[in-house]
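So the sequence lines, in the order shown, correspond to chains A and B. Be aware that the first sequence starts at 59, since it is given in our numbering, and climbs by one per residue. Be aware that the second sequence starts at 15, since it is given in our numbering, and climbs by one per residue. Built from N, CA and C at the ideal position, the CB exists for glycine as well.
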Amino acid sequence: MCATCGCSGDGHKLTTFVPTGKPRNIGALQVDAGVMVQAAAGPPTIHAPEPSKTLIEVERDVLDKNNRLAERNRGYFEARNIAAFNLVSSPGSGKTSILERTLLERGTQTKFYVIEGDQQSARDAERIAAGGTPVVQVNTGKGCHLEANMVHEALRQLDPAPGSVVFIENVGNLVCPSMFDLGERNRVVVISITEGEDKPLKYPDMFRSSQLCLINKMDLLPYLKFDLDALKAFARQVNPELEFIELSATTGQGMENWYTWLNNQKTQPHPN
Amino acid sequence: MHELSIIHSIIETVEATVAEQDAVVEVERVLLQIGDLAGVEVENLEFLWPAAVQGTVLQQAECAVERVEARAVCLDCNGNFALKNYFDACPVCGSFWKEVKTGEELKIKSIELCVQPADAVATATN
Ligand SMILES: Nc1nc2c(ncn2[C@@H]2O[C@H](COP(=O)(O)OP(=O)(O)O)[C@@H](O)[C@H]2O)c(=O)[nH]1
Ligand SMILES: [Mg+2]
Ligand SMILES: [Zn+2]
Ligand SMILES: [Zn+2]
Numbered sequence: 059m060c061a062t063c064g065c066s067g068d069g070h071k072l073t074t075f076v077p078t079g080k081p082r083n084i085g086a087l088q089v090d091a092g093v094m095v096q097a098a099a100g101p102p103t104i105h106a107p108e109p110s111k112t113l114i115e116v117e118r119d120v121l122d123k124n125n126r127l128a129e130r131n132r133g134y135f136e137a138r139n140i141a142a143f144n145l146v147s148s149p150g151s152g153k154t155s156i157l158e159r160t161l162l163e164r165g166t167q168t169k170f171y172v173i174e175g176d177q178q179s180a181r182d183a184e185r186i187a188a189g190g191t192p193v194v195q196v197n198t199g200k201g202c203h204l205e206a207n208m209v210h211e212a213l214r215q216l217d218p219a220p221g222s223v224v225f226i227e228n229v230g231n232l233v234c235p236s237m238f239d240l241g242e243r244n245r246v247v248v249i250s251i252t253e254g255e256d257k258p259l260k261y262p263d264m265f266r267s268s269q270l271c272l273i274n275k276m277d278l279l280p281y282l283k284f285d286l287d288a289l290k291a292f293a294r295q296v297n298p299e300l301e302f303i304e305l306s307a308t309t310g311q312g313m314e315n316w317y318t319w320l321n322n323q324k325t326q327p328h329p330n
Numbered sequence: 015m016h017e018l019s020i021i022h023s024i025i026e027t028v029e030a031t032v033a034e035q036d037a038v039v040e041v042e043r044v045l046l047q048i049g050d051l052a053g054v055e056v057e058n059l060e061f062l063w064p065a066a067v068q069g070t071v072l073q074q075a076e077c078a079v080e081r082v083e084a085r086a087v088c089l090d091c092n093g094n095f096a097l098k099n100y101f102d103a104c105p106v107c108g109s110f111w112k113e114v115k116t117g118e119e120l121k122i123k124s125i126e127l128c129v130q131p132a133d134a135v136a137t138a139t140n
């Protein structure tokens, strides 16, 4: 029924639907599905055609665009036989320190490139560049994580050589980066033993989506009450397949195991 | 605060959908599907929504969220169980090895548009 003149107009494509589950409403304006919304309110004698409703079944992942860009990055890495690693952690766990030592100790054998993600400043990029490794700093501003398009842009600048290793140091944040695939081969979560053993339970998404956990600042173990077994047990509850390497970027202990792991990843075929 | 990124992604998708229509359309409703393990705080989304959609095609739109309960299959005993967290154990055998079957959804299910017929627009502007 036409709300303007009361006639029964046809040609209205009216689609109403009842969402399954219990929907929650967000936003101030509430539009009742199935109730006609009036078009231009002309004089009642004019029969203005009514607006019709259309339901478009999108059925698309919200992060579809990021996921597709990430797949593009992944294809780029595969084509050039590049191993890319996404390093995630809370601020201050030692991501940059681990990278600095890795580049210093392995830079002659392997060609490395680094993408540094921080909300602000180029300090980490400067630390990396000081050792002579090509690096691009990405500042995310208010953004609390890197996204695939940022990595894509950075890669265009870096132009990493075939057979190299690309480290992506994500923004220090254990929540948001877990949702954004960058196209990396592996996600590496770093936790230092000055943080709580229960971090994996508090930030399960990150430990769930990582393949390797680097336990850093092991040199401080004698001074702390840190239960290494508890940390691993909690992390395995979230992700039974997670691997662990204990190390110290400061003293260098355990770094060999990390290099071995890196080499194994490089020589294995790309996971699907 | 990745919920803001999430809203921006939704706006982009809806804008692209609106651009594909040849009529003048208004977006009335967006239906999202968000699993309990999707890593999205719906309260946060709700809080950020009004400001984030200002001046976009979603400014007037209602956002409805359908929650999906998380369920997993135990890889040790094959039991099917509901879980609240990734670290929940199988209630039957206590194993942490599981395959999450539902609850990780983060989808735009549908968009409801109000289509203005071309001549109605013409009438209105006359
Ligand atoms: N004692 C100790 N300190 C470390 C270690 N690794 C990093 N740090 C210190 O932790 C602080 C943060 O390190 P940084 O690499 O900037 O962390 P990022 O924010 O994860 O990149 C710095 O003061 C480092 O010197 C370590 O293995 N042992
Ligand atoms: Mg850093
Ligand atoms: Zn965030
Ligand atoms: Zn079981």
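Residue i - partner residues in DSSP beta bridges
i                : result
Arg118 (chain A) : B:Ile122
Arg43 (chain B)  : B:Glu76, B:Glu126
Val54 (chain B)  : In the DSSP output, where bridge partners are listed per residue, Val54 (chain B) has none listed.
Thr112 (chain A) : B:Leu127
Ile223 (chain A) : Just to set this straight, residue 223 (chain A) is Val in the shown sequence, not Ile. According to DSSP, Val223 (chain A) bridges with A:Ala141, A:Phe170.
Arg85 (chain B)  : B:Ala96, B:Thr116
Glu304 (chain A) : A:Ile273
Ile48 (chain B)  : B:Arg81, B:Leu120
Asn197 (chain A) : A:Asp176
Val71 (chain B)  : Answer is none; Val71 (chain B) lacks a bridge partner.
Val38 (chain B)  : B:Gln130
Any C-beta of chain A under 8 angstroms from that of residue i
i                : result
Phe95 (chain B)  : no
Gln130 (chain B) : yes
Glu26 (chain B)  : yes
Gly108 (chain B) : no
Thr31 (chain B)  : yes
Ile20 (chain B)  : yes
Any chain B beta carbon closer than 8 angstroms to residue i
i                : result
Leu286 (chain A) : no
Ser268 (chain A) : no
Gln295 (chain A) : yes
Thr112 (chain A) : yes
Pro336 (chain A) : The requested residue 336 (chain A) does not occur in the structure, where chain A is confined to residues 59 to 330.
Cys271 (chain A) : no
Pro220 (chain A) : no
Pro280 (chain A) : no
Gly79 (chain A)  : Because Gly79 (chain A) sits at a pLDDT of 36, beneath the cut-off of 50, its placement in the model cannot be relied upon, and the following sentence gives the value as read from the coordinates. With 8 angstroms as the cut-off, Gly79 (chain A) counts as an interface residue toward chain B.
Under 9 angstroms by beta carbon: chain B residues contacting residue i
i                : result
Val223 (chain A) : Ordered by position in chain B, no residue passes the 9 angstroms Cβ test against Val223 (chain A), which lies about 27 angstroms from the chain.
Glu115 (chain A) : Lys123, Ser124, Ile125
Pro192 (chain A) : Chain B residues near Pro192 (chain A): none, gap ~28 angstroms exceeds 9 angstroms.
Under 8 angstroms from the C-beta of residue i: neighbouring residues of chain A
i               : result
Asn58 (chain B) : What Asn58 (chain B) touches in chain A: nothing, since even the nearest Cβ is about 11 angstroms away.
Amino acids of chain A, ordered along the chain, whose beta-carbon sits closer than 7 angstroms to that of residue i
i               : result
Gly53 (chain B) : Ser236, Met237, Asp263
Within chain B, partners of residue i - CB distance below 7 angstroms
i                : result
Leu259 (chain A) : Phe101
Pro149 (chain A) : None at all; the shortest Cβ gap to chain B is about 15 angstroms.
Runs of alpha helix (DSSP H) lying entirely within the region 127 to 176 of chain A, each at least 4 residues, in chain order: 153 to 164
May I have a chain-ordered list of the alpha helix (DSSP H) segments no shorter than 4 residues that lie completely inside the region 243 to 289 of chain A? 257 to 260, 262 to 266
Counting only Cβ-Cβ distances shorter than 8 angstroms, please list the residues of the region 112 to 131 of chain B near chain A, keeping chain order. Leu120, Lys121, Ile122, Lys123, Ser124, Ile125, Glu126, Leu127, Cys128, Val129, Gln130, Pro131
Listed in chain order, which residues of the region 118 to 129 of chain A have Cβ atoms closer than 8 angstroms to some Cβ of chain B? Arg118, Asp119, Val120, Leu121, Asp122, Lys123, Asn124
Which residues, in chain order, does the region 240 to 256 of chain A contribute to contact with chain B at a C-beta distance below 8 angstroms? none
Using a Cβ-Cβ cutoff of 8 angstroms, what residues of the region 294 to 313 of chain A are near chain B? List them in chain order. Arg294, Gln295, Val296, Asn297, Pro298
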